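Taking it in order: structure first as structure tokens, then the write-up.
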Amino acid sequence: MDPLSALRDFTTHGDLFKILHVGDEFWFGSDYSFPHATETAYCSKQRNLYTLETLLFSVTHHHLKHTNYFFCTMLQSSFFSKTNRAQLYINYIVPNKRLSSTKIKGF
130 MDPLSALRDF
140 TTHGDLFKIL
150 HVGDEFWFGS
160 DYSFPHATET
170 AYCSKQRNLY
180 TLETLLFSVT
190 HHHLKHTNYF
200 FCTMLQSSFF
210 SKTNRAQLYI
220 NYIVPNKRLS
230 STKIKGF
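Residue 130 is where the sequence shown starts when you use this note's numbering, and the numbers rise one by one after that.
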């Protein structure tokens, strides 16, 4: 399973709490592990691929207001997320929603 599919699976089943950050990897329960800097198939308008770390941060903080979300990203010393988090959450992560073919590389 690729990291984007694993993230979607764990999110839709309410298992985000089972994703652990161990060293430089994310462990998805005992099933999968991926380096945190793994590029996923989710890309920006400029066709840059987002890392697993960036998308996981976006999904776990989707409930924050826009300004609070970006304040939190600035507190993270390793990256600054420019993810369009609403589009990510609505188009790909949330089940029973239509996939945006322009955002997922390979579709």
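We put the CB at the ideal spot given by N, CA and C, even for glycine. All values reported here derive from a predicted model rather than from experimental measurement.
At the level of alpha carbons, what is the spacing between residue i and residue j?
i, j, result
"Q175", "F157", "29 Å"
"L133", "S173", "14 Å"
"L181", "L204", "18 Å"
"Y171", "H192", "20 Å"
"K194", "K147", "25 Å"
"D131", "H190", "22 Å"
"L136", "T196", "24 Å"
"T169", "L178", "6 Å"
Check residue i in the structure and name its three-state DSSP category.
i, result
"H190", "coil"
"D131", "coil"
"H195", "helix"
"T202", "helix"
"F140", "With the sequence shown as reference, residue 140 is identified as Thr, and Phe is not the correct amino acid for it. Here T140 sits in helix by DSSP."
"T109", "The first residue shown for the chain is 130 and the last is 236, placing residue 109 beyond what the model contains."
With a CB to CB cut of under 8 Å and the five nearest residues on each side skipped, what residues in its chain are close to residue i?
i, result
"D153", "P164, H165, A166"
"F209", "Caution applies to F209, whose pLDDT of 45 falls short of 50 and renders its modelled position unreliable; the value that the coordinates give is listed next. Closer than 8 Å at the Cβ level, and outside the excluded window around F209, lie T202, M203."
Should residue i go down as buried or exposed, given a rule of 16 or more other Cβ atoms within 10 Å for buried?
i, result
"L249", "What is shown of the chain runs 130 to 236, which leaves residue 249 out entirely."
"V188", "buried"
"T141", "exposed"
"L149", "exposed"
"F139", "buried"
"F200", "exposed"
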